[in-house]
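For reference, the structure is listed below as structure tokens.
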Amino acid sequence: MGKLSVPRAGPGPGAPETHVTVIRMLCTRPCKVVPAHSNSPRSHMPGEERMTTPELRRNQHHPELRAAARHIGRRRFLTVTGAAAALAFAVGVPGTGTAAAAELDTARITDDPFTLGVASGDPHPDSVLLWTRLAPDPYQADGGLPAGRVTVDWEIALDERFRRVVRRGKATAHPEFHHTVHVEAGPLAPGQVYHYRFRAGRFVSPAGRTRTAPATRSRAAGLTFGVVSCQRYDQGYWTAYRHLAEEDLDVVLHLGDYLYEYAVNDVAGARAQPPGTVPEVFRRETVTLEDYRLRYALYKTDPDLRAAHAAHPFVVTWDDHETENNYSGDTPENSVPPEEFLLRRAAAYRAYWENMPLRRPQLPDGPDLKLYRRLHWGRLAQFDVLDTRQYRSDQAYGDGWQYPGPDSEDPTRTLTGDAQERWLVGGWRRSDAVWNVVPQQVTFSQRFNSTTAPSKVSMDSWDGYPASRERVLAGAQAAGVENLMVLTGDVHVHYGFDIKRDFSDPDSRTVGTEIVTTSVSSGGDGSAKPANWETYMAANPHLRFYSGLRGYTTVSLGRELARADFKTVSRVTTQGAPLTTAASFVTEAGEPGLKPA
Ligand SMILES: [Fe+2]
Numbered sequence: 005m006g007k008l009s010v011p012r013a014g015p016g017p018g019a020p021e022t023h024v025t026v027i028r029m030l031c032t033r034p035c036k037v038v039p040a041h042s043n044s045p046r047s048h049m050p051g052e053e054r055m056t057t058p059e060l061r062r063n064q065h066h067p068e069l070r071a072a073a074r075h076i077g078r079r080r081f082l083t084v085t086g087a088a089a090a091l092a093f094a095v096g097v098p099g100t101g102t103a104a105a106a107e108l109d110t111a112r113i114t115d116d117p118f119t120l121g122v123a124s125g126d127p128h129p130d131s132v133l134l135w136t137r138l139a140p141d142p143y144q145a146d147g148g149l150p151a152g153r154v155t156v157d158w159e160i161a162l163d164e165r166f167r168r169v170v171r172r173g174k175a176t177a178h179p180e181f182h183h184t185v186h187v188e189a190g191p192l193a194p195g196q197v198y199h200y201r202f203r204a205g206r207f208v209s210p211a212g213r214t215r216t217a218p219a220t221r222s223r224a225a226g227l228t229f230g231v232v233s234c235q236r237y238d239q240g241y242w243t244a245y246r247h248l249a250e251e252d253l254d255v256v257l258h259l260g261d262y263l264y265e266y267a268v269n270d271v272a273g274a275r276a277q278p279p280g281t282v283p284e285v286f287r288r289e290t291v292t293l294e295d296y297r298l299r300y301a302l303y304k305t306d307p308d309l310r311a312a313h314a315a316h317p318f319v320v321t322w323d324d325h326e327t328e329n330n331y332s333g334d335t336p337e338n339s340v341p342p343e344e345f346l347l348r349r350a351a352a353y354r355a356y357w358e359n360m361p362l363r364r365p366q367l368p369d370g371p372d373l374k375l376y377r378r379l380h381w382g383r384l385a386q387f388d389v390l391d392t393r394q395y396r397s398d399q400a401y402g403d404g405w406q407y408p409g410p411d412s413e414d415p416t417r418t419l420t421g422d423a424q425e426r427w428l429v430g431g432w433r434r435s436d437a438v439w440n441v442v443p444q445q446v447t448f449s450q451r452f453n454s455t456t457a458p459s460k461v462s463m464d465s466w467d468g469y470p471a472s473r474e475r476v477l478a479g480a481q482a483a484g485v486e487n488l489m490v491l492t493g494d495v496h497v498h499y500g501f502d503i504k505r506d507f508s509d510p511d512s513r514t515v516g517t518e519i520v521t522t523s524v525s526s527g528g529d530g531s532a533k534p535a536n537w538e539t540y541m542a543a544n545p546h547l548r549f550y551s552g553l554r555g556y557t558t559v560s561l562g563r564e565l566a567r568a569d570f571k572t573v574s575r576v577t578t579q580g581a582p583l584t585t586a587a588s589f590v591t592e593a594g595e596p597g598l599k600p601a
């Protein structure tokens with residue numbers, strides 16, 4: 005696609021001066037070192053290109069970033085405001101009118117800017133978030149647009165032909181936000197399906213379908229949602245998304261690893277496309293803001309992903325790869341100075357917000373982004389969406405699969421951080437929902453990889469933070485949560501677990517269910533019965549189902565019954581695999597635990 009036939013505007017506004025306020029001291033713990041070929045499901049594939057350390061590309065950071073890194077490194081402190089200024093983030097929030105870029109005449113946009121499709125997300129009873137990005141040339145750093153702001157029209161209608169438009173308005177695509185558009189469309193009626201689209205100049209976007217949540221106090225009768233995670237572009241086609249787009253769903257929950265930071269080769273890895281299909285710019289690990297922004301563009305050019313976004317609203321949370329494999333809080337995977345890592349984290353979080361259908365409260369502030377949040381589906385379901393990456397203690401024993409011990413069992417360790425834990429338990433105390441659903445990242449239930457004691461456990465999952473898990477389970481019990489459903493991604497397999505009040509006692513009460521959804525493509529084709537299948541089923545009596553194929557899960561909630569369907573595709577290294585329902589389970593309200601449907 006060609007570029008715009010307009011002269012380039014000057015550089016965007018510089019970062020304003022800010023007062024340096026010390027918010028917190030950087031972590032001084034040693035960085036963990038995970039072998040690149042560990043048995044973690046997210047380790048690198050043999051032969052894969054891997055940069056030894058992102059520090060190698062320090063000099064490719066934007067000049068303000070480099071200056072900030074020097075400054076921060078000297079003082080050994082990071083300030084949130086300082087980081088924000090360094091990243092030129094303090095140029096104004098969309099819609100506040102404080103951004104300074106000149107207006108771009110949309111008549112001069114000569115190529116379709118809607119190459120990355122549309123999306124919607126976080127449905128409330130009276131509004132929904134609508135998203136798009138203007139990028140006539142998405143594999144260019146600037147998307148093929150000069151640094152001017154663009155006025156975009158949006159409309160939302162009751163019908164797909166847009167004859168009954170109920171709301172319309174104008175939004176601004178700011179160059180400071182990479183010409184992304186976030187519209188909180190409303191007021192809208194509760195419990196209603198809508199269709200939406202955007203217009204920039206003479207170009208109209210594809211139409212998307214979305215919906216609002218039921219009225220807050222309503223006795224909503226039912227809800228069906230899809231659950232997805234882990235879409236590594238170069239490990240397979242997103243056939244699962246093609247099938248997901250055709251499902252009749254109210255909402256899709258994305259549990260993280262929306263993108264992977266690793267280099268993508270010119271044939272897109274397992275997709276085995278013609279040499280040179282993937283441009284040079286993707287053949288390196290994402291470190292800078294430009295890297296992350298470009299990677300989202302690569303991912304969103306996938307037609308199956310665009311179809312899924314256009315078909316359903318998404319509620320998203322992240323895991324590690326949107327930033328870096330197995331990071332924890334301020335601690336990177338590799339031996340990079342924390343101040344350097346926090347700049348990378350700020351870039352990753354910034355690009356995440358820009359490219360996801362997220363609302364204003366999730367707008368990042370330097371290296372911080374408050375992603376945990378609560379959504380309601382009438383009085384049928386409460387969703388407490390967690391972030392188990394940003395505030396966690398560092399993994400014990402150097403991460404990976406290890407024997408538990410005093411370090412991992414230290415009661416001061418946390419996976420959620422104190423504030424999020426208080427928020428979760430406090431929210432349960434006030435909940436009057438039938439189902440309390442917790443979309444989050446890493447496996448919650450105990451998982452042994454050996455039938456002989458002691459067994460190793462994954463230090464990256466809740467097994468590596470048992471005190472944190474105990475506080476959450478005790479909090480659920482104290483709050484009287486009857487129907488707890490934890491939703492999990494990360495591990496690239498389907499698991500169905502009964503959550504035990506005390507995992508060390510097989511006779512302990514079942515207090516909830518955990519649905520772990522497999523990957524969309526990460527790990528390649530996989531197999532229905534991985535090599536460790538027999539061992540895992542024997543070592544974990546509360547594990548009721550396990551499949552290692554790719555796919556997604558659908559969950560239907562009624563007032564009396566919940567049903568989970570684990571869906572798989574036979575392969576992802578070629579396109580067009582059919583969809584199979586590998587297993588179905590139900591759980592009755594008031595009687596936790598999975599039963600074959
Ligand atoms: Fe993953």
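Terminal number for the sequence shown in my numbering: 601, no gaps in between. Here a beta-carbon is modelled for each residue, glycine too, at the ideal position from N, C-alpha and C.
Ligand 1 heavy atom lying under 7 angstroms from the CB of residue i
i, result
"His2", "Any question about residue 2 goes unanswered here, given that the chain covers just 5 to 601."
"Ser526", "yes"
"Asp494", "yes"
"His186", "no"
"Ser523", "yes"
"His128", "no"
"His199", "no"
"Asp403", "no"
"Asp529", "no"
"Asp261", "yes"
"His380", "no"
"His325", "yes"
Three-way DSSP call (helix, strand, coil) for residue i in this model
i, result
"Ala350", "helix"
"Thr56", "In this prediction, Thr56 scores a pLDDT of 34, lower than 50, which makes its location untrustworthy; no coordinate-derived value is stated."
"Trp439", "strand"
"Glu250", "coil"
"Glu326", "coil"
"Glu289", "coil"
"Phe181", "helix"
"Gln579", "coil"
"Tyr143", "coil"
"Met489", "strand"
"Leu149", "coil"
"Pro341", "coil"
"Asp372", "strand"
"Gln450", "coil"
"Trp381", "strand"
Straight-line gap, residue i to residue j (C-alpha atoms, nearest Å)
i, j, result
"Leu367", "Trp357", "6 angstroms"
"Thr557", "Thr216", "22 angstroms"
"Thr119", "Val187", "18 angstroms"
"Gln394", "Asp334", "8 angstroms"
"Thr155", "Ser339", "44 angstroms"
"Gly226", "Lys571", "20 angstroms"
"Trp439", "Glu425", "19 angstroms"
"Leu553", "Met489", "22 angstroms"
"Ala249", "Ala123", "12 angstroms"
"Thr492", "Trp158", "34 angstroms"
"Gly212", "Pro458", "51 angstroms"
"Pro142", "Pro470", "44 angstroms"
"Pro191", "Asn330", "40 angstroms"
Residue environment, residue i, which counts as buried when at least 16 other CB atoms sit within 10 Å
i, result
"Ala87", "In this prediction, Ala87 scores a pLDDT of 48, lower than 50, which makes its location untrustworthy; the coordinate-derived value is nonetheless stated afterwards. Answer is buried; the Cβ neighbour count reaches 16."
"Gly594", "exposed"
"Lys599", "exposed"
"Arg378", "exposed"
"Gly14", "Caution applies to Gly14, whose pLDDT of 29 falls short of 50 and renders its modelled position unreliable; the model cannot decide the point."
"Glu518", "buried"
"Thr321", "buried"
"Tyr266", "buried"
"Gly468", "buried"
"Ala504", "According to the sequence provided, residue 504 is Lys. The question's Ala does not apply to it. So Lys504 ends up on the buried side."
"Thr591", "buried"
"Gln579", "exposed"
"Glu107", "exposed"
"Asp422", "exposed"
Within-8 angstroms CB hit, residue i to chain B
i, result
"Phe589", "No chain B appears in the structure shown, which is made up of a single protein chain."
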